[in-house]
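Working notes, structure below.
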Amino acid sequence: MKVLMFGWEFPPFNSGGLGTACYGITKALSEKGVEINFVLPRDYKIDEDFLNVISTRLPKIKIKEIDSLLVSYMTSENYRRRFLELTEGNIECNYCDNLIEEVHRYSKVAAEVAAEIDHDIIHVHDWMTFPAGIEAQKVSRKPFIAHVHSTEYDRSGGHGLNPYVYKIEKDGINYADNIIAVSNLTKNKITNGYDENGDKIEVVHNAINVSDFAGGKNHSHNFKNYKIVLFLGRLTLHKGPDYFLNAAKKVLEKNEEVLFIISGSGDMDYQIIEQAANLGISDKVLFTGFLRGKQLRQIYKMADLYVMPSVSEPFGITSLESLASGTPVIISKQSGASEILNHCLKVDFWDTDEMANKILAVVNHEELKTCLSDNGQNEVSNFKWSSVADKIIKIYNKLINRPLV
Amino acid sequence: MPSICFYFQVHQPYRIKRYSVFDIGNDHDYFKDENLNEKGNKAVMEKVSRKCYLPTNKILLDLIHKHPEFKISYSFSGTALEQMENFAPEVLESFQKLIKTGNVEVLSETYYHSLAFFYSDEEFIEQIKLHKKKIKELFDYEPKVFRNTELSYNNELATIIERLGYDGILAEGWEHYLGYRSPNFLYRPKGTQKIKLLLKNYKLSDDIAFRFSNKQWKEHPLYVPKFCNWLNSVNGNGNTVNLFMDYETFGEHQWEDSGIFDFLYSLPEEILKHPDNNFKTPSELISTYQTVGELDIHNTLTWADAERDLSAWTGNSMQKSSLRKIYEIEEDVINSADEKLKADWRKLQTSDHFYYMCTKWFSDGDVHKYFSPYESPYEAFISYMNILNDFRLRLKSS
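From first to last, the protein sequence lines are chains H and C. When we follow this note's numbering, the leftmost residue of the first sequence carries the number 268, and every step to the right adds one. When we follow this note's numbering, the leftmost residue of the second sequence carries the number 25, and every step to the right adds one.
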């Protein structure tokens, strides 16, 4: 089976869960004999030969780059900023001067790629690649799967939906022969917000490779007398960092020996730093910026508790990473992960009293922490990418073998 | 000639409300649990009364009138009786009516349906006394046979119960301890002189209590004649078949539409068709039959799960820790003159609180989850520990 796949990012150059999921999915598919041509926009700043590294690790995956300014989780504003940086440097380029047009330019190139690469299925990940998938489908007439890892409703936190992005997303969803949603929550968003009745939507929850996070907890840090509570994610509205801080304030009123670490960056950086100051808890809130690789694994292991207070979280793969690291989690009920995780604490993101109650329970009661982390670690070891791949292959086969209309 | 002995367990705990760390110091009404909605104390009592207690009591009263030789026995927890008085007085009256017939034996247990035996002898004995008083007050009855919470049992328990003057004690008839011996006889617990041990025939009991409506079970549907054949086959190799089960089997665990009430209603007549069969209460068994040997049960045996142990109550570190903490304040509570404080402390000992914290099957979504009023075992623990902290503040200032 040959799959033409379009994505936005691929580790180690990823900035979020999408890259992690794409890596997990493609690796597991390739191990089951699926051949994948993975097409992604190439950041002109990256000149390391990382794709070859991946190609050697995953022999059945070929990475195909398309020259483009697109990067994952991009907004119109930061696309514009990057474009200007580049053009002010008088670098000659073919890039379009706004995000949406660049996405369309990218899709035209994708169609050329599709014509050259033999494939049975087109499988694309999230909105930015939907037009590329559609163009490719027009060329090859092969079944087209849109894999939805997040929707514009999630990214905008329900406020200020970008109408252009929404349109691209909706066109792709409606056009697709099949949709893979990462949770029931996402499936419901698609049926409610994009005029789909659900018949062609399959829910396939994400998974984790637990051995990536193996090894003991790290207690050799400099905050011995403190319990460490972690927030990790982009600092954007839909991740709920502001709720995290409000809960932190309430925790500190009851227990001063708690430190709150915020890992990640995003459009709310300053707002969050300022909020911590206004709450009078700046001395108990540490900012690490964006972490990856070894540092990321370390921060999970350092923490006593990970909180994912997302306003809207299609899945939330970081909750699995934390549990795999042996660190218990409090997750928002408004998350896809909460559909499959039992051994964790769940809260409504807006209920910061309850969030504080649960944070305090974990930091104050070692026996609770132990039960949550032992059982949680055990539970996530059952969420394997290979079962995700099995479900996806079933969908591939269904589409390939369907009668022609 | 097997004697059929029915014992039904009637128990409801005082569930604690969802209780936050921010309630500590402000809210001492732990059991006023409206925030549990339909899983709160009053709601559950009303539901179980409607689905189980009232219809089953009516059937059993009819049966006693119809067959004067039909006998049954009950064990009531004090917490269930109190809640009947408060939320369902008509249920209590119907039990009183049943007991007045003289065909019903009432057993002894710990008032608070607790695990006190494993943590404090003094508290254990005190709760038996409180229970005795309550049974006397409500039913004008004095129990002579004892059963411990979840049918938990070991040699040491039998010794203490004998010393307290009881004639008999109940336990699970598990082959792990019985070996070749049958649960259908009476035994003498190791280390005792005259107390008799009655063993649950768990296969036949669980056919009714657990498997009755299970369509995957190869004997489904279970009709009365088939079940009576199984009972009759004990003829010649047993004195008794002890059918011990939760009373909620009727109408709550096995729903009405499974035919459980019809089954119960026609069972005595079919059993009595065989001239060698009869019905006896635990005390009647004890006065009728001799023991056939000694049973040595050193480790604690219960009627729960495949493991037949206390792991569903004491298996994980949350359960161990909360149990330790509730009993480590015993002396201070007893020394305080505050009766409300004592009653609250005892309500917090009810075994269900610890059962709700059980994590061993939580992923499977099975019965253990169905009966918990909390979203998870962790939530059960958090509310419990917050309440315990509030309780300790009250204790300190009392």
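We treat Cβ as the ideally placed atom computed from N, Cα and C, and that holds for glycine.
According to the neighbour-count rule (16 or more other Cβ atoms, all chains shown, within 10 Å of its Cβ), is valine 320 of chain H buried or exposed? On the first sequence, residue 320 of chain H is found 53 positions in, with the first residue counted as 1. Here the model assigns valine 320 of chain H a pLDDT of 47, short of 50, so the residue's position is not dependable and the matter cannot be decided.
Within chain H, partners of phenylalanine 111 of chain C - CB distance below 7 angstroms: Walking along the second sequence from the start, residue 111 of chain C turns up at place 87. The premise fails here: phenylalanine 111 of chain C is roughly 29 angstroms from chain H at the closest Cβ pair, so nothing lies under 7 angstroms.
Just how far apart, CA to CA, sit aspartate 444 of chain H and threonine 326 of chain C? Position 177 of the first sequence, counted from the first residue, corresponds to residue 444 of chain H. Position 302 of the second sequence, counted from the first residue, corresponds to residue 326 of chain C. Taking the straight line from one Cα to the other gives about 56 angstroms.
Look at the Cβ atom of asparagine 179 of chain C, then the Cβ atom of proline 213 of chain C, and state whether they are nearer than 8 angstroms. As a first step, residue 179 of chain C must be located in the second sequence, where it is residue number 155. As a first step, residue 213 of chain C must be located in the second sequence, where it is residue number 189. The answer is yes: Cβ separation under 8 angstroms.
8 angstroms is my cut-off, CB to CB: does glutamate 634 of chain H come that close to chain C? Within the first sequence, numbered from 1, the residue matching residue 634 of chain H stands at position 367. True, the Cβ-Cβ gap to chain C drops below 8 angstroms.
Hey, does leucine 563 of chain H have any beta-carbon neighbour from chain C nearer than 8 angstroms? Here the question's residue 563 of chain H lines up with position 296 in the first sequence. Chain C, which has no Cβ nearer than 8 angstroms to the Cβ of leucine 563 of chain H, makes this no.
Where does threonine 594 of chain H land, buried or exposed, given buried means 16+ other C-beta within 10 angstroms? Residue mapping note: residue 594 of chain H aligns to position 327 of the first sequence, counting from 1. That one is buried.
Identify the continuous beta strand (DSSP E) that holds alanine 448 of chain H and give its terminal residues. The sequence position of residue 448 of chain H within the first sequence is 181, counting from 1. First-last of the beta strand (DSSP E) with alanine 448 of chain H: 445-448.
Look at the Cβ atom of leucine 526 of chain H, then the Cβ atom of leucine 553 of chain H, and state whether they are nearer than 8 angstroms. Taking the first sequence and counting its residues from 1, one reaches residue 526 of chain H at position 259. Taking the first sequence and counting its residues from 1, one reaches residue 553 of chain H at position 286. Yes, the Cβ-Cβ distance between leucine 526 of chain H and leucine 553 of chain H is below 8 angstroms.
Expressed to the nearest angstrom, what Euclidean distance is found between the alpha-carbon atoms of alanine 382 of chain H and proline 398 of chain H? One-based indexing of the first sequence puts residue 382 of chain H at position 115. One-based indexing of the first sequence puts residue 398 of chain H at position 131. Going by the C-alpha atoms only, they are around 15 angstroms apart.
If you measure between the beta carbons of tryptophan 652 of chain H and asparagine 476 of chain H, is that distance less than 8 angstroms? By 1-based counting over the first sequence, the position of residue 652 of chain H is 385. By 1-based counting over the first sequence, the position of residue 476 of chain H is 209. The answer is yes: Cβ separation under 8 angstroms.
Quick one: is alanine 104 of chain C buried, meaning 16 or more other Cβ sit within 10 Å of its Cβ, or exposed? The residue given as residue 104 of chain C occupies position 80 in the second sequence. Label assigned to alanine 104 of chain C: buried.
Residues of chain C with CB closer than 7 angstroms to the CB of aspartate 620 of chain H, please, in chain order. Position 353 of the first sequence, counted from the first residue, corresponds to residue 620 of chain H. Per Cβ cutoff of 7 angstroms: Ser44 and Phe46.
With distance defined between alpha-carbon atoms, name the residue in C:Glu186, C:Asn238 and C:Asp230 nearest to lysine 220 of chain C. Position 196 of the second sequence, counted from the first residue, corresponds to residue 220 of chain C. It is C:Glu186.
7 angstroms CB neighbourhood of valine 432 of chain H in its chain, flanking five on each side removed: Here residue 432 of chain H corresponds to residue number 165 of the first sequence, with the count starting at 1. Once the five neighbours on either side are set aside, the close Cβ partners of valine 432 of chain H are Trp394 and Glu419.
If you follow the alpha helix (DSSP H) that glutamate 332 of chain H is in, where does it begin and where does it stop? As a position in the first sequence, residue 332 of chain H is number 65, starting the count at 1. Note, glutamate 332 of chain H: premise wrong, no alpha helix (DSSP H); beta strand (DSSP E) at 328-334.
Would you verify that the beta carbon of alanine 628 of chain H is, or is not, closer than 8 angstroms to some beta carbon of chain C? Here residue 628 of chain H refers to the residue found at position 361 of the first sequence. Taking Cβ atoms only, chain C reaches closer than 8 angstroms to alanine 628 of chain H, which makes this a yes.
Return yes when the Cβ of proline 306 of chain C is within less than 8 angstroms of the Cβ of serine 97 of chain C, no when it is not. Here the question's residue 97 of chain C lines up with position 73 in the second sequence. Here the question's residue 306 of chain C lines up with position 282 in the second sequence. A contact, by the Cβ cut-off of 8 angstroms.
What separation, rounded to the nearest whole angstrom, lies between the Cα atoms of leucine 365 of chain C and isoleucine 457 of chain H? Translated into positions along the second sequence, residue 365 of chain C becomes position 341. Translated into positions along the first sequence, residue 457 of chain H becomes position 190. Spanning the two alpha carbons is a distance of roughly 54 angstroms.
Could you tell me whether the Cβ atoms of isoleucine 597 of chain H and methionine 622 of chain H are closer together than 8 angstroms? Your numbering for residue 597 of chain H matches position 330 in the first sequence. Your numbering for residue 622 of chain H matches position 355 in the first sequence. Yes, they are a contact pair.
Can you pull the chain C residues whose beta carbon is under 8 angstroms from the beta carbon of asparagine 624 of chain H, in chain order? Position 357 of the first sequence, counted from the first residue, corresponds to residue 624 of chain H. Residues of chain C passing the Cβ test: Ser44, Val45, Phe46, Ile406 and Asn410.
If we count the other Cβ atoms within 10 Å of its Cβ and call it buried at 16 or more, is glutamine 314 of chain C buried or exposed? Here the question's residue 314 of chain C lines up with position 290 in the second sequence. It counts as exposed.
Neighbour-count burial assignment, glutamate 62 of chain C, 16 or more Cβ in a 10 Å radius: Residue mapping note: residue 62 of chain C aligns to position 38 of the second sequence, counting from 1. Flag for glutamate 62 of chain C reads exposed.
Indicate whether leucine 497 of chain H and isoleucine 528 of chain H have their beta-carbon atoms separated by less than 8 angstroms. Within the first sequence, numbered from 1, the residue matching residue 497 of chain H stands at position 230. Within the first sequence, numbered from 1, the residue matching residue 528 of chain H stands at position 261. Result yes, Cβ atoms of leucine 497 of chain H and isoleucine 528 of chain H sit closer than 8 angstroms.
Is it buried or exposed for glutamine 562 of chain H, if we count other Cβ within 10 angstroms and need 16 for buried? As a first step, residue 562 of chain H is located in the first sequence; it is residue number 295 there, counting from the start. Exposed, by the Cβ-count rule.
Contacts of histidine 486 of chain H in chain C (Cβ-Cβ under 8 angstroms): The sequence position of residue 486 of chain H within the first sequence is 219, counting from 1. Correct list: empty, because the minimum Cβ distance to chain C is about 19 angstroms.
Please list, in chain order, the chain C residues whose beta carbon lies closer than 7 angstroms to that of leucine 639 of chain H. Stepping through the first sequence from its first residue, residue 639 of chain H is reached at position 372. In chain order: Tyr402.
Tyrosine 351 of chain C to leucine 412 of chain C, Cα distance in whole Å? Residue 351 of chain C sits at position 327 when you count from the first residue of the second sequence. Residue 412 of chain C sits at position 388 when you count from the first residue of the second sequence. For tyrosine 351 of chain C and leucine 412 of chain C, the distance between alpha carbons rounds to 11 angstroms.
Examine chain C for any beta-carbon lying closer than 8 angstroms to the beta-carbon of leucine 612 of chain H, and answer yes or no. Start at 1 with the first residue of the first sequence, and residue 612 of chain H comes out as number 345. Interface residue, yes.
Can histidine 390 of chain H and methionine 272 of chain H be called in contact, C-beta distance under 8 angstroms? Taking the first sequence and counting its residues from 1, the one referred to as residue 390 of chain H is at position 123. Taking the first sequence and counting its residues from 1, the one referred to as residue 272 of chain H is at position 5. Contact: yes.
Quick one: does phenylalanine 386 of chain C have its CB under 8 angstroms from some CB of chain H? Taking the first residue of the second sequence as 1, we reach residue 386 of chain C at position 362. Judged by the 8 angstroms Cβ criterion, phenylalanine 386 of chain C is in contact with chain H.
Find the nearest neighbour of phenylalanine 305 of chain H within the set H:Lys299, H:Ala377 and H:Phe350, judged by alpha-carbon distance. For the purposes of this step, residue 305 of chain H is taken as residue 38 along the first sequence, with counting starting at 1. That would be H:Ala377, whose Cα lies nearest to the Cα of phenylalanine 305 of chain H.
In chain C, what lies closer than 7 angstroms to asparagine 642 of chain H by C-beta? Locating residue 642 of chain H in the first sequence gives position 375, counting from the first residue. Within 7 angstroms Cβ-Cβ: Thr383.
Quick one: which chain C residues come within Cβ less than 7 angstroms of lysine 521 of chain H? Numbered from 1 along the first sequence, position 254 holds the residue referred to as residue 521 of chain H. What lysine 521 of chain H touches in chain C: Val45.
Contact with chain C by asparagine 473 of chain H, beta-carbon distance below 8 angstroms: Reading the first sequence from its first residue, position 206 is the one you call residue 473 of chain H. No - not a single Cβ of chain C is within 8 angstroms of the one on asparagine 473 of chain H.
Does the beta carbon of methionine 342 of chain C come closer than 8 angstroms to any beta carbon on chain H? As a working note, residue 342 of chain C is residue 318 in the second sequence. Answer yes: the Cβ-Cβ gap between methionine 342 of chain C and chain H drops below 8 angstroms somewhere.
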